[in-house]
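Novice: Sequential numbering of the sequence shown, starting at 854, is according to the numbering used here.
By construction, the Cβ of each residue, glycine as well, lies at the ideal position given by its N, Cα and C atoms.
Everything numeric in this text was worked out from a predicted model, so none of it was measured.
One structure, as structure tokens, below. Some questions next.
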Amino acid sequence: MSTLHVLSHSPFGDERLTSCLRLLGTADALLLCGDAAYALQPGTAPFNALETRRVKLFVLAEDAQARAVQVPDWAEAIDYPAFVELSIHHDKVNSWL
854 MSTLHVLSHS PFGDERLTSC LRLLGTADAL LLCGDAAYAL QPGTAPFNAL
904 ETRRVKLFVL AEDAQARAVQ VPDWAEAIDY PAFVELSIHH DKVNSWL
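Structure (structure tokens):
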């Protein structure tokens, strides 16, 4: 069973990203949207944690663009229709509120 984990809060304000990374299974994926896109700022602890884990990582392209965040080659920028497809592809969707 796979889960799509959706994070929308900045990784610099709390421990949601850290908690999520602890729970990610091998079939799971992580979608960064909203201020969670800031996790892709190179040289930061969240960036290093994501790069080290090499999870199936997606980011909403418009959120990364709005925050002037470059999407690294080990992550995939997607649009809203692709978000819907990801949601359908996984057995569960867990939003980290």
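Drop a sphere of 10 angstroms on the beta-carbon of residue 937, count the other beta-carbons inside from all chains shown, and report buried for 16 or more, exposed for fewer.
Specialist: exposed
Novice: Straight-line CA distance for residue 890 to residue 920?
Specialist: 8 Å
Novice: Within its chain, find whatever has a CB closer than 7 Å to the CB of residue 943; leave out the 5 residues flanking it on each side and keep chain order.
Specialist: Hits under 7 Å: 855, 856, 857 and 882.
Novice: Using only the alpha-carbon positions, how far apart do residue 948 and residue 859 sit?
Specialist: 5 Å
Novice: Measuring alpha carbon to alpha carbon, tell me which residue in 904, 866, 925 and 908 is nearest residue 914.
Specialist: 925
Novice: Going by C-alpha to C-alpha distance, which of 879, 875 and 869 sits closest to residue 885?
Specialist: 869
Novice: Is it buried or exposed for residue 941, if we count other Cβ within 10 angstroms and need 16 for buried?
Specialist: exposed
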